[in-house]
Every structure is written in C-alpha cells, then in structure tokens.
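Report on one structure; see the data block that follows.
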Ligand code: AMP
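In my numbering, the protein residues as written are 229 to 402.
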C-alpha cells in the first residue's frame with residue numbers, strides 16, 4: 229500500500245461534526261497505529277532534512293502532534309501557534325475572516341527571530357485561512373516561511389488559493 233492509500237485507510241469521516249454539513253476528517257486512528265504515525269513523521273522528516281529548517285511551527289492543536297516530533301527528529305525548534313487567549317506571555321496576533329465572523333491566531337512575541345527559516349505544520353488544509361494567517365504572523369516577525377505542510381488536503385475547498393505564491397505540501401488529498 230502506498231502512503232496515500234495507507235493514510236486514507238486510517239482517516240475516519242465523521243459527518244456533521246462539529247456542525248451540520250461538515251465532514252470532519254478524524255486523524256486519531258493514524259496516531260493509534262505506531263507504524264503509520266511513524267510513516268507520517270518520517271515522510272515530513274525526509275522532505276525537510278537538509279533544508280536548514282530552524283523552526284517547525286505547529287498550528288493548534290493537531291499541528292502540535294506532528295510538528296513536535298518532526299522538530300525533535302531534525303534538531304529544530306518547535307513553536308506553537310494558538311487560538312487567542314491560551315498563551316501566557318506577550319503575544320503577537322493575526323486575524324482572518326471566517327464564513328461568519330473572524331478568528332485570531334497568536335504566538336509569543338519572541339517565538340521566532342528575524343531571518344529564521346520556518347515550516348508551518350497542521351493536520352489538515354481546508355479553506356486555508358488559518359495557515360495563511362499563521363504565515364502572515366510569522367512574516368510580521370521577520371521569519372522566512374519555506375513551506376506549509378499538511379497531512380491531509382481537502383482539495384475541493386481550494387485552500388491553496390488563499391495561499392498564493394506559497395509552497396504547499398500535503399501527504400494525502402481528497
Ligand atoms: P482552514 O483555516 O479552513 O484551512 O481550517 C483549517 C483548520 O481547521 C485545521 O486546523 C483543521 O484541523 C481544521 N479543520 C477544518 N476543516 C476540517 C475538517 N473537515 N476535518 C478536520 N479538521 C478540519
């Protein structure tokens with residue numbers, strides 16, 4: 229089985245979660261299988277090995293699950309980007325539009341340094357709003373965003389269009 233088939237066999241569709249009409253892609257079965265979890269982290273590690281990545285930035289919360297072992301494996305730093313109000317120290321923020329209303333992501337003001345080479349990690353690319361706001365936040369602090377990486381990409385939502393000119397990588401697409 230190739231990685232696409234393997235991951236698809238482990239991703240569970242949950243209809244109408246968290247709202248009616250949304251099909252939630254549940255990645256927890258990947259984490260339950262140590263060999264598959266390792267394959268995911270190894271696939272990212274292989275891609276970014278030798279690319280001189282200083283920081284892996286995980287987006288709350290499932291981005292932490294994949295970003296932290298990757299940072300450990302490649303000897304890079306890990307930075308969490310969180311929903312507003314969760315981080316204890318001084319933060320910088322970036323807001324983005326949702327279908328109804330808006331949302332804000334934040335990170336510690338000293339989380340990245342000017343010129344650092346960073347890769348953004350999340351479990352899933354949907355509309356791209358969260359990843360785009362995260363990239364803007366990092367660039368505001370002077371970091372250089374090399375790529376945004378996802379386990380799953382919902383291609384039909386065209387999230388890449390919200391990330392024009394950015395390099396996007398995903399392991400499995402729907
Ligand atoms: P977006 O900003 O629309 O790209 O949404 C991305 C964030 O929302 C990621 O952190 C995902 O984990 C989560 N998300 C959005 N849609 C789904 C979905 N259908 N299944 C699982 N997670 C989702």
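The beta carbon of each residue, even a glycine, is placed where N, CA and C say it ideally should be.
{"Check": "Is the beta carbon of residue 352 sitting closer than 8 Å to the one on residue 378?", "Outcome": "yes"}
{"Check": "Relative to the alpha-carbon of residue 276, which residue among 365, 349, 242 and 361 has its alpha-carbon at the smallest distance?", "Outcome": "349"}
{"Check": "If you compare alpha carbons, which of 315, 333 and 284 is closest to residue 322?", "Outcome": "333"}
{"Check": "When DSSP builds the beta bridges, which residues end up paired with residue 253?", "Outcome": "241"}
{"Check": "If you follow the alpha helix (DSSP H) that residue 297 is part of, which residue opens it and which one closes it?", "Outcome": "290 to 302"}
{"Check": "Please report the Cβ distance between residue 398 and residue 373, rounded to the nearest whole angstrom; I am assuming they are in contact, meaning their Cβ atoms lie under 8 Å.", "Outcome": "Between residue 373 and residue 398 the Cβ distance is about 16 Å, and since that is not below 8 Å, they are no contact."}
{"Check": "Just checking my contact of residue 232 with residue 347 at CB under 8 Å: how many whole Å lie between their CB atoms?", "Outcome": "That belief does not hold up - the Cβ atoms of residue 232 and residue 347 are roughly 21 Å apart, past 8 Å."}
{"Check": "How about the stretch 245 to 253 and the stretch 266 to 276: do they share at least three Cβ pairs that are nearer than 8 Å?", "Outcome": "no"}
{"Check": "With residue 369 and residue 282 assumed to form a contact (beta carbons below 8 Å), what rounded beta-carbon distance in angstroms separates them?", "Outcome": "In fact, because the Cβ distance is near 13 Å, the residues do not count as touching under 8 Å."}
{"Check": "Counting along the chain, where does the beta strand (DSSP E) carrying residue 324 start and finish?", "Outcome": "319 to 325"}
{"Check": "Output the distance between the C-alpha atoms of residue 296 and residue 306, rounded to the nearest integer angstrom.", "Outcome": "6 Å"}
{"Check": "Considering Cα atoms alone, identify which of 245, 266, 247 and 313 is closest to residue 234.", "Outcome": "266"}
{"Check": "For residue 358, which residues of its own chain have a beta-carbon under 8 Å away from its beta-carbon, when the five flanking residues on both sides are left out?", "Outcome": "287, 324, 331, 333 and 350"}
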